[in-house]
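*Asks:*
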């Protein structure tokens, strides 16, 4: 895996990456990159869940 090889080659201490949090079913169907990284690397991995800033305030929420 390219990301793991890069991190090890550059002597990284940790991998930090974002996730959209699609859930187990969608992740299984689409192939979750973050899941693959978690399984393949020996480094600690921190996942940051994407949060749409517009969902935080009712006046900014355009999805309704």
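In the numbering used here, the protein residues as written are 1 to 64.
All C-beta atoms, glycine included, are put in the ideal place defined by N, C-alpha and C.
1. Nearest to residue 15 by alpha carbon, out of 52, 46, 1, 53?
2. Out of 48, 17, 36, state which residue places its alpha-carbon closest to the alpha-carbon of residue 1.
3. Can you tell which of 40, 50, 48, 51 has the C-alpha that lies nearest to the C-alpha of residue 4?
4. For residue 32 and residue 51, what's the separation of their Cα atoms in angstroms?
*Replies:* Taking the coordinates as given:
1. Locating residue 15 in the chain shown gives position 15, counting from the first residue. Of 52, 46, 1, 53, the residue nearest in Cα terms is 46.
2. Residue numbering aside, residue 1 sits at position 1 when the chain shown is read from its first letter. Cα-wise, what sits closest to residue 1 is 36.
3. Here residue 4 refers to the residue found at position 4 of the chain shown. It is 40 whose Cα lies nearest to the Cα of residue 4.
4. Locating residue 32 in the chain shown gives position 32, where the first residue counts as 1. Locating residue 51 in the chain shown gives position 51, where the first residue counts as 1. Answer to the nearest angstrom: the Cα atoms are 17 Å apart.
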